[in-house]
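Participant: Have a look at this one before I ask anything.
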Amino acid sequence: MTQYLIKRLLAAIPTLLIVSIGIFGLVRLIPGDVVMARIAQGGSGAGGSVNDAMIERTRAELGLDRPFLEQYADWLAGAVRGDLGNSLITGVPVSETLLERLPVTIEIVILAMTLSMLLAIPLGIISAVNQDKPADYAARLFTVFGLSIPDFVIGTVTILFLTFYLDDATFGLFDSWLPPLGWYPPWEDPWTNFQALSIPVVILAYRSSAVSARMMRSTMLEVLREDYIRTARAKGVTERAVVFRHALRNSVIPVLTIMGAQTSFLFGGSVIVEQIFRIPGMGQWTLDSVGQRDYTAVQGAVLMMAVVFIVVNLAVDLMYGMIDPRIRYS
5 MTQYLIKRLL AAIPTLLIVS IGIFGLVRLI PGDVVMARIA QGGSGAGGSV NDAMIERTRA
65 ELGLDRPFLE QYADWLAGAV RGDLGNSLIT GVPVSETLLE RLPVTIEIVI LAMTLSMLLA
125 IPLGIISAVN QDKPADYAAR LFTVFGLSIP DFVIGTVTIL FLTFYLDDAT FGLFDSWLPP
185 LGWYPPWEDP WTNFQALSIP VVILAYRSSA VSARMMRSTM LEVLREDYIR TARAKGVTER
245 AVVFRHALRN SVIPVLTIMG AQTSFLFGGS VIVEQIFRIP GMGQWTLDSV GQRDYTAVQG
305 AVLMMAVVFI VVNLAVDLMY GMIDPRIRYS
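So for the sequence shown, my numbering puts the first residue at 5; every next one is plus one.
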C-alpha cells in the first residue's frame, strides 16, 4: 500500500506540472489587459490620467514586462514553497484568499456529494430491480431531466419560483420565500447556513446523482445477469439478500469511479452556482478573477482544483480495497 501511494504521488507531479504550464499560458489569452484593470481599480495612478509611462510602470510593478519563461519559473518556484503570488488586482496573497474561500466550496461539495450518493445508489438499485416497470421509468425520467437541464437554469428558475410563484402554486399554503444569499459560518449560525446552502447543494447534487444513478442501474443490471447471482437464486437466497449482499458490492465499484470524477466536477459546477447565490467560495472568486484578468488568482485557483482532483481520485482508488477485499495494491 505504501509503495502504491508513493508511486501515485510521484505520478501526480508531472500532471500538476502540465496543468501549471497550461493554465499559465492560457490565462494570458484572456481578452483585455490586466494592467488597465489594475489602474482602473486604483492600484496605480489613482485620480490622474492614464498615460504610457503609467502603464509601463504598472506593468513593471506586476512583473509582466519579463519574458514568459522567466515569469513562469518564478511563479513555479514560489508555488513549490506554497507561495502562489499576490493578486494582480488587490495585492492580497493568493494563498491567503484560497484559505478563506476553499472551506466554503468544500462544504458545498461534500454536502452535494453526500446527497448525490444518498439519491443515486438507491435510485439505481430500484430502477434495476424494477426494470421496465413504472418505478424504472420514473427513475429514468429523473435522470434524463438531471442530465439535460443546466445548473444555471435550475438555479435561476428555483429562485424565481420561490420568490414570486410559491404562494400561488401552493394556493397560499406557503408564502413566497427567498433563501438567504451568501455564506454563513455553520459554527456561528447553523440554521442560516443550512438555509443558504440547501438550494445550491440540491442543484449541484441533482446533476451528479443523475449521472451516478444511470451508472448504478447499468452495472446492477449487468451484475444481476451473472452466473453466481443465478446460482444464489437457485439456492433459495431471498431477492433482498441477492441484491444487497451479493450484487451491490460488485456493482458499486464503477459507480465510485464516476462519483470520484463527479466530486471533482462539482468544483467546476460550483462556479455558476456560487455566482447565482452569491456564495463567497472558490467558484465565485475564480469567475471574478477571470473577469478582472487577475492571472495569479486564476492560476492558483485552477492549480488547487487540479490538486483536489488528484487527491479525490486517489481516495476513490483506495476505497476499492475497502469495498472489495479481493482488490490489492502492490
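In this text, a Cβ means the ideal position worked out from N, Cα and C, and glycines have one as well.
State the DSSP-derived secondary structure class of Asn197, mapped to helix, strand or coil.
Facilitator: The answer is helix: DSSP assigns Asn197 an H, G or I state.
Participant: Less than 6 angstroms between C-beta atoms, sequence neighbours within five positions excluded: which residues of the same chain meet that for Val311?
Facilitator: In its chain, beyond the 5 residues on either side, no residue has a beta carbon closer than 6 angstroms to the beta carbon of Val311.
Participant: So, for Ala41: in the same chain, excluding its five sequence neighbours on each side, which residues have a beta-carbon less than 7 angstroms away from its beta-carbon?
Facilitator: Here the set comprises Ile93, Gln296 and Arg297.
Participant: In angstroms with no decimal places, state the Cα-to-Cα distance between Pro154 and Ile276.
Facilitator: 10 angstroms
Participant: Need the endpoints of the alpha helix (DSSP H) that Asp231 sits in, please.
Facilitator: Asp231 to Ala238
Participant: Is Gln7 helix, strand or coil by DSSP?
Facilitator: Residue state, collapsed to three classes: helix.
Participant: For the alpha helix (DSSP H) holding Val247, just list the boundary residues, first then last.
Facilitator: Looking at the DSSP string, Val247 is not in any alpha helix (DSSP H), and its letter there is neither H nor E.
Participant: Taking the straight line between their C-alpha atoms, what separation do you get for Ser293 and Arg211?
Facilitator: 26 angstroms
Participant: Could you have a look at Val241 and say whether DSSP puts it in helix, strand or coil?
Facilitator: coil
Participant: Relative to the alpha-carbon of Ser268, which residue among Phe281, Met308 and Ser152 has its alpha-carbon at the smallest distance?
Facilitator: Met308
Participant: Between Met219 and Gly273, what straight-line distance do the alpha-carbon atoms span, to the nearest angstrom?
Facilitator: The straight-line gap from Cα to Cα measures roughly 20 angstroms.
Participant: Could you tell me whether the stretch 156 to 168 touches the stretch 199 to 215, using the rule of 3 or more Cβ pairs below 8 angstroms?
Facilitator: yes
Participant: Got a sec? Which residues, its chain only, sit under 8 angstroms from Leu102 by beta carbon, not counting five neighbours each side?
Facilitator: Leu88, Met286, Gly304, Ala305 and Met308
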